Amino acid sequence: MVEKETIKQIREKRAEWEKQLYSKAIQENPERKQKFKNLSDIEIKNLYTPEDIADLGYLKDVGFPGEEPFLRGVHPNLYRGRLWTMRQFAGFGSAEETNKRYHYLLEHGETGLSVAFDYPTLYGYDTDHPLARGEFGKCGVAISSLLDMELLFHRIPLDKITTSMTINGPAAIVWAMYIANAENQGISKEKIGGTIQNDILKEYIAQKSYIFPPEPSMRLIVDTFEYGFKNVPKWNTISISGYHIREAGSTAVQELAFTLGDGIEYVKAAMKRGLLIDDFAPRLSFFFNAHNDFFEEIAKYRAARKIWASEMKKLGAKKPRSLWMRFHTQTAGCSLTAQQPEMNIVRVTMQALAAILGGTQSLHTNSMDEALALPSEKAVRIALRTQQIIAEESGVTDTVDPLGGSYYIEWLTSKMEEKTYKYFDKVERLGGVIPAIEKGFFQREIAESAYRYQKETDENKRIIVGVNRYKLDEEPSIPILKMDEKGEERQIKRLKKLRKERDATKVQNHLQRLRKAAEGDENLMPFILDCIHSYATLGETCDVLREVFGEYKEQAIF
Amino acid sequence: MIKKIRVLVAKPGLDGHDRGAKIVARALRDAGMEVVYTGLHQTAQQIVNTAIQEDVDVVGLSLLSGAHMTLFIDVALLLKEKQMDDVLIIGGGIIPQQDVPGLKTAGIAEVFGPGTPVEDIVIYIKKNVKR
Amino acid sequence: MSELSVKVIAGDPRSIGRLITLVENDAPEAVEVMKQIHRYTGQAQIIGVTGVMGSGKSSLIFELALAFRAEGKKVGIIAIDPTSPFSGGALLGDRIRMMDLSTDSGVFIRSMGTRGMMGGLTSSLYDVVEILDAAGMNVIIIETVGVGQDEVDIVKIADTTLVVLIPGLGDSIQTIKAGLMEIADIFVVNKADKPGVEQTVAELESMLDLVGHTEYRTPIVATSVKQKKGIQLLTSKIAEHQEYLKKSKTFDTRRRQRYEAELIEIIRKRLMDFIFDEKKLKKTVDCCIDQISKKELDPYTAADEILGKILK
């Protein structure tokens, strides 16, 4: 972006500066570390100048928001026009309890809903399944049937608000419940908007809430793509995620590379079925982590947009919207400490700011008590206010991509792009994403990074305030969310009643037809919807698919 | 006579977060212990049977889903029933301080929450292993 | 008979587990028990499973165990993983693939680290096989690490040795150690749902052609755990091999070889323990080694000296 001659001069001047001013300065104040490395192990220099981005041309490589290369954003006026959606992930206990929390959050200014399900639901088990013992409502809301979905969204206008649902193994079925509930309320499929996470590849790699093996899981996902763009046009049928990969211990570069790699895999799978890329691509969305290294995270989001647009073009996308990377961000859960939990408010603030400066479309901020339990009302309110303060008081929303042009940011963005492509090559040589998963490639990379991080922390090479420095002898206690103990009993009673009162024959018929369709290759969504409308439970529907598709068992990689 | 400490690292229930369990397993291996890892989604029955067959000195339970009061205690009670009194039971994960006394009463000797240096776990085991 | 021996023979899992730990740790009290249980051994069929890393041995063994259970047989599984030469610890993760069997009272699974300094079969492995045998297991499946000497040494202990490969190895069949190819009683081409199966089978067949027919032509079985294919065929080939061994009297020869190897191992261990025991000969040994380093003594004379002290 700067003339070649000037670059030469800058280089010479810099050498002078290093020799004179800088070396004098470090004698007085020696460097605090031998090497300054960020969380992805990239070495960070003392200063960045135009020399570091000499190869970048503004028009060619950086550009304008809303057009290729999309480095600076997908929306020309971003937050000047519309703030990111404040979407707090929430869910616990029974549907009624969570419904109350949703109303609380909406009253306090959140602008989108996000559902957290409990483990039995995530694995497609009803609350009364033996494996659900002790798990009801503990890390999310329990949804066993359409009835629960109705209670969950009681008095919430589904045509006026969008909902994101973090569900993967049984995503198609839970989506069917949402659609069915809306339909029962008189809201047609064309009017509802939201997202299902529905990203099974990262389950095998990181989050581990898979049910079926890769092939049938991919089939189900492409079924949802197809059903989505034809029938539920405002719905994002996938949220291709890096959040969980990062939480499992990966570096930012790995998060970027593995997520985008998964995304490309989904696109290829859909195209293999014969879907046209420009039909389904506009409804692909992403989900990233916002971790501690402030500038690295910003560079990551920018690089992500550029790489995705480029890859989608290579795959044949022609419509501009097919090249857009739209993403939701959540601040890093794994960075929260149980020690001095109020400090987490500070961490979350920095992380949220990074996501906003990176141009996120939607944001969840963690609550301070989440290293101990699910968020209390007070804690989640503070988390929400954090976003609102940044939005209203900081001024960072006044311009688009404020850090564009920063020598450091542009250098780091290019660096992350470069390293991502190296990973793409590696995976290519292993035969592609699914073979690499089966060979344990991603899992090994993540386990190595996780172990390295732990070692650095334990050896005090990486400081975590309150944990290995600035500790307190006496930790203050903070109020922890208490859930309704009668919730599980109520839910089981409800299930029993449901099974008695519904039309059992209808349910059986629909389940039978689903089985037949699953054995063939029809799109399963209509069949699943029929089951759900007749009040087949989540477990019953998933059991049919479990029988046909089998269950996935992982190998352990340390 | 050689004496290796044998540890079972187990993931009870449906919780799929295994980052911590794997790091601990690796650290224990690096400290010279033999570590059997159960993998995910284990019932109390599976964990205890494994502990018996593998004749472990320590059972380490890892849980981040909030179901620890039910599932950890299930394992502790079953180990007691099978007269595995010489097995040291420890736990880790997302466990609020207020739940720890209840777990200790049930037989879990110590709980290692987030932020614990792995070396602390190694030292604890070496000091408290019963055989 | 001691209480522990009685309980082991009765099949009590706790006692089996305890005794295995005792033999692994070289506990002196184990010797008496091992002496007592030996006459209760001999009826178990020992199957060794070895092969390249990543060939899916653990999942295959799980399926085999299920098949044997369906025949009403009791199954013992020994899963071996490498002990770290640096820390002496081990990550024993093979049984993850078999956890569905951990509540089946007719199955006993034990994970072992190689613990050995020299490689080869861990010396206590012979003992563990005897223990599971005496405890009533009809089949004992041993999963070896997949690298190193123990891959080949498994023949010393197993009646039937399975060598597991995966398709698409191409001409790397040539690069697989010759020893590995020779010890196979059955070749298993696992993950047969992947491309390249026919080619791999063909290469194995032509290799066997080169070796030439003896009485027994090593069968090649393609299996896929994913598709649940080939397991029944594999168990029948194992049964056929067992038949062949019995009929050709090779069975007795092999058993004899196994007890010879076991005896050698026990003697070697005792000798080494004696020689390197601080209270016995270690000082003499250390002294000899110093002298050898200084060229004041040669290794052969040193050996004469040390052995002389034992044999006196």
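Residue numbers (our numbering), protein chains in the order written: chain A, 143 to 700; chain B, 5 to 135; chain C, 94 to 405.
Every residue, glycine too, gets a C-beta built ideally from N, C-alpha and C.
Fair warning: this is a prediction, and the values are worked out from it, not measured in the lab.
Minimum Cβ-Cβ distance from residue i to chain A less than 8 Å
i        : result
ARG10/B  : no
TYR41/B  : yes
ARG190/C : yes
GLY181/C : no
GLY289/C : no
MET211/C : At MET211/C the pLDDT is 49, less than 50, meaning the model places this residue with poor confidence; the figure from the coordinates comes in the next sentence. So, not an interface residue.
GLN102/B : yes
8 Å Cβ cutoff, residue i in contact with chain B
i        : result
GLY110/C : yes
TYR605/A : Note on residue identity: the sequence assigns Ile, not Tyr, to residue 605/A. Output row for ILE605/A: interface = no.
ALA196/A : no
GLN349/A : yes
ARG107/C : yes
LYS175/A : no
SER619/A : yes
PHE201/C : yes
GLY149/C : no
ILE233/A : Checking the sequence, you will find Gly at residue 233/A rather than Ile. Judged by the 8 Å Cβ criterion, GLY233/A is not in contact with chain B.
LEU343/A : no
SER95/C  : no
VAL542/A : no
ALA497/A : no
DSSP bridge partner residues for residue i (one or two, in chain order)
i        : result
ARG229/A : GLY254/A
HIS470/A : PHE429/A, SER504/A
ARG611/A : VAL607/A
SER66/B  : GLY96/B
GLU125/C : DSSP output for GLU125/C lists no bridge partner at all.
GLY16/B  : According to the sequence shown, residue 16/B is Pro rather than Gly. According to DSSP, PRO16/B bridges with GLN46/B.
SER204/C : ALA172/C
TYR41/B  : VAL13/B
is_contact[residue i, chain C] using C-beta, thresh 8 Å
i        : result
ASP124/B : no
ARG7/B   : Position check: residue 7/B holds Lys in this sequence, whereas Arg was assumed. Closer than 8 Å to some Cβ of chain C, the Cβ of LYS7/B qualifies, so yes.
ASP90/B  : no
PHE706/A : This structure leaves residue 706/A out entirely; chain A is present only between 143 and 700.
ASP2/B   : A question about residue 2/B goes unanswered here, because the residues of chain B that appear run from 5 up to 135.
GLN339/A : no
ILE56/B  : yes
GLN697/A : yes
Cα-Cα separation between residue i and residue j, rounded to whole angstroms
i        : j        : result
TYR133/C : ALA103/C : 11 Å
ARG58/B  : VAL374/A : Per the sequence shown, the amino acid found at residue 58/B is Glu instead of Arg. Cα to Cα, GLU58/B sits roughly 53 Å from VAL374/A.
ASP252/C : LYS603/A : 53 Å
GLN129/C : VAL248/C : 26 Å
ILE168/A : ARG156/A : 16 Å
LEU82/B  : MET667/A : 43 Å
LEU194/C : ARG203/C : 12 Å
GLY266/A : ALA110/B : 31 Å
GLY537/A : GLY573/A : 47 Å
LYS302/A : TYR246/A : 17 Å
GLN396/A : ALA29/B  : 23 Å
ILE605/A : ASP103/B : 28 Å
ILE331/C : GLY186/C : 26 Å
- Interface positions of the segment 455-486 of chain A facing chain B (Cβ-Cβ less than 9 Å), listed along the chain: CYS476, LEU478, THR479, ALA480, GLN481
- Ordered list of beta strand (DSSP E) runs contained in the segment 314-376 of chain C, each at least 3 residues: none
- 4 or more residues per run - each alpha helix (DSSP H) lying fully within the segment 351-404 of chain A: 356-373, 385-389
- Interface positions of the segment 111-144 of chain C facing chain B (Cβ-Cβ less than 7 Å), listed along the chain: ARG111, ILE113, THR114, ASN118, ASP119, ALA120
- Query: Using a beta-carbon distance cut-off of less than 7 Å, what residues from the segment 63-88 of chain B approach chain A?
  - Reply: SER69, GLY70, ALA71, THR74, LEU75
- Message: Report the start-end ranges of each beta strand (DSSP E) in the segment 256-309 of chain A that is 3 residues or longer and not cut off at the edges.
- Response: 305-308
- Pick out the complete alpha helix (DSSP H) segments inside the segment 590-654 of chain A, 4 residues or longer, and give them in chain order. 629-643
- Message: Can you pull out the residues from the segment 619-641 of chain A whose beta carbon lies closer than 8 Å to at least one beta carbon of chain B?
- Response: SER619, ILE622
- Task: Could you run through the segment 575-596 of chain A and flag, in chain order, every residue whose CB is less than 8 Å away from some CB of chain C?
- Result: LYS581
- Item | Selection of the segment 152-184 of chain C by Cβ proximity to chain A, strictly under 7 Å | LEU184
- Task: Identify each residue in the segment 270-295 of chain A for which the Cβ-Cβ distance to at least one residue of chain B is less than 7 Å, and report them in chain order.
- Result: LEU273, ARG275, GLY276, GLU277, LYS280, CYS281
- Query: Where are the alpha helix (DSSP H) runs, 4 residues long or more, that stay fully inside the segment 136-193 of chain C, in chain order?
  - Reply: 150-163
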